[in-house]
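One structure below.
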Amino acid sequence: MNSSTIVFPGSNCDRDIAVALEKFNFKNKMVWHKDTTLPKSDLIVIPGGFSYGDYLRSGAIAGKSSILNEVIKVANNGCPVLGICNGFQILTETGLLKGALLRNKNLKYLGKDIFVKVMNIDNKFCTKYKSEQVLKLNIAHNEGNYFTYPDHLKELEDNNLIAFKYCDINGNIDLENNPNGSINNIAGIFNTKKNILGMMPHPERMVDQVISNTDGVNLFKSLLN
């Protein structure tokens with residue numbers, strides 16, 4: 217499969233995702249934000265980092281980059297798009313996903329391992345996981361507090377468009393195990409067609425038992441499948 221990773225000034229997880237993709241034999245290309253055409257892609261990844269130093273608002277400047285016009289076109293035509301951390305923020309800025317990522321509830325940067333529950337396996341990203349499986353992933357963000365308006369929240373819940381929710385090691389979903397204050401403990405969402413996934417945790421950091429764990433592996437294997 218061919219993948220494209222979009223790179224912005226300030227991206228700091230672009231190489232991490234490239235290593236993860238290549239580990240699973242994706243033929244990955246790094247695409248600079250000023251490019252105006254995309255390589256033929258079966259998957260587009262918008263990586264984590266702090267694009268443009270998070271000036272103005274996280275993802276706001278990156279969301280206006282030239283290459284995003286092409287990303288929007290192919291996404292609307294059904295190409296899978298994965299936005300991780302800052303990538304999730306950028307997806308909301310482009311309108312490909314609804315909602316916004318606000319400052320964390322404690323107004324502090326968070327960098328730590330957390331647990332999330334898989335809420336939906338009926339999509340291209342999570343087929344290799346089990347329903348309600350608990351994963352240990354890593355977060356590293358200052359603006360990970362997902363918020364949306366009531367009608368959209370109902371749409372997400374009613375149409376099973378929530379990918380992951382923050383939880384404890386046993387899968388309990390509650391305020392105590394909500395690291396950033398996200399509404400309804402939401403850690404990741406899909407668009408209506410479920411070909412776009414935005415998530416704050418980093419699956420690419422959890423693909424090697426030696427340095428972390430392998431809880432992110434099945435996301436990449438699902439995409440290959």
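Residue numbers (the working numbering): 217 to 441. Built from N, CA and C at the ideal position, the CB exists for glycine as well.
- Item | At least 3 beta-carbon pairs within less than 8 Å: the stretch 325–332 vs the stretch 375–384 | The stretch 325–332, when compared against the stretch 375–384, does touch it at the 8 Å Cβ threshold.
- Task: State buried or exposed for residue 396, treating a residue as buried only when at least 16 other CB atoms are found within 10 Å of its CB.
- Result: By the 10 Å Cβ count, residue 396 comes out buried.
- Message: According to DSSP, is residue 440 part of a helix, a strand, or is it coil?
- Response: Residue state for residue 440 is assigned as helix, using DSSP reduced to three classes.
- State the beta-bridge partners of residue 279 as determined by DSSP. DSSP output for residue 279 lists no bridge partner at all.
- Quick one: residues in its chain with C-beta nearer than 6 Å to the C-beta of residue 401, no 5 flanking neighbours on either side, listed in chain order? Excluding residues within five positions, the ones whose Cβ falls inside 6 Å are 381, 382, 389, 394.
- Local conformation of residue 381 per DSSP, three classes: Looking at residue 381 - three-state DSSP - the assignment turns out to be strand.
- Item | Cβ-Cβ separation, residue 222 to residue 260 (assumed contact under 8 Å), whole Å | Contact between residue 260 and residue 222 holds: their C-beta atoms lie close to 7 Å from each other, under 8 Å.
- Task: Give every residue of the same chain whose Cβ lies closer than 7 Å to the Cβ of residue 240, excluding the five residues on either side of it in the sequence, and list them in chain order.
- Result: Hits under 7 Å: 436, 437, 440.
- Message: For residue 181, which residues in the same chain have their Cβ closer than 6 Å to its Cβ, ignoring the five residues on either side in sequence?
- Response: Here the chain comprises residues numbered 217 to 441, so residue 181 is not present and cannot be evaluated.
- Message: Just to confirm before moving on: does the CB-CB distance between residue 290 and residue 257 stay below 8 Å?
- Response: It is a contact, given that the beta carbons lie within the stated cut-off.
- Task: Please work out which residues of its chain come closer than 8 Å, Cβ to Cβ, to residue 337, disregarding the five sequence neighbours upstream and downstream, and give them in chain order.
- Result: Residues 343, 345, 346, 347 of the same chain have their beta carbon placed closer than 8 Å to that of residue 337, with the five preceding and five following residues left out of the count.
- Query: Taking the beta strand (DSSP E) that residue 405 falls in, what are its first and last residues?
  - Reply: The continuous beta strand (DSSP E) containing residue 405 extends over residues 402–406.
- Message: Buried or exposed, going by whether 16 or more other CB atoms sit within 10 Å of the CB of residue 283?
- Response: The residue in question, residue 283, is buried, as its Cβ has 16 or more Cβ neighbours within 10 Å.
- Query: Is residue 324 buried or exposed, if buried means 16 or more other CB atoms sit within 10 Å of its CB?
  - Reply: Exposed, because fewer than 16 other Cβ atoms sit within 10 Å of the Cβ of residue 324.
- Item | For residue 286 and residue 310, believed in contact at Cβ under 8 Å, the rounded distance | Rounded, the Cβ-Cβ distance is 11 Å, inconsistent with contact.
- Query: Helix, strand or coil: how does DSSP classify residue 266 here?
  - Reply: Of the three classes helix, strand and coil, the one that applies to residue 266 here is coil, per DSSP.
- Message: So for residue 303, helix, strand or coil by DSSP?
- Response: Residue 303 falls in the helix class under three-state DSSP.
- Query: Between 354, 298, 358, 423, which lies nearest to residue 412 when the distance is taken from Cα to Cα?
  - Reply: Here the closest residue by C-alpha is 298.
- Hey, residue 363 and residue 405: beta-carbon distance below 8 Å or not? Going by C-beta atoms, residue 363 is not nearer than 8 Å to residue 405.
- Query: In chain order, what residues of the same chain lie with their CB nearer than 7 Å to the CB of residue 335, ignoring the 5 residues before and after it?
  - Reply: 378, 379, 380, 381.
- Express the C-alpha separation of residue 431 and residue 391 in angstroms, rounding to a whole number. Taking the straight line from one Cα to the other gives about 23 Å.
- Query: How close, in whole Å, do the beta carbons of residue 358 and residue 320 come, if the pair is a contact with beta carbons under 8 Å?
  - Reply: Contact flag correct, Cβ pair sits at about 6 Å.
- When you compare each of 352, 269, 268, 275 to residue 422 by their alpha carbons, which one comes out closest? Ranking 352, 269, 268, 275 by Cα distance to residue 422 puts 352 first.
- Query: Where residue 349 and residue 424 are concerned, what is the direct C-alpha to C-alpha distance, given to the nearest angstrom?
  - Reply: Taking the CA atoms as reference points, residue 349 sits about 19 Å from residue 424.
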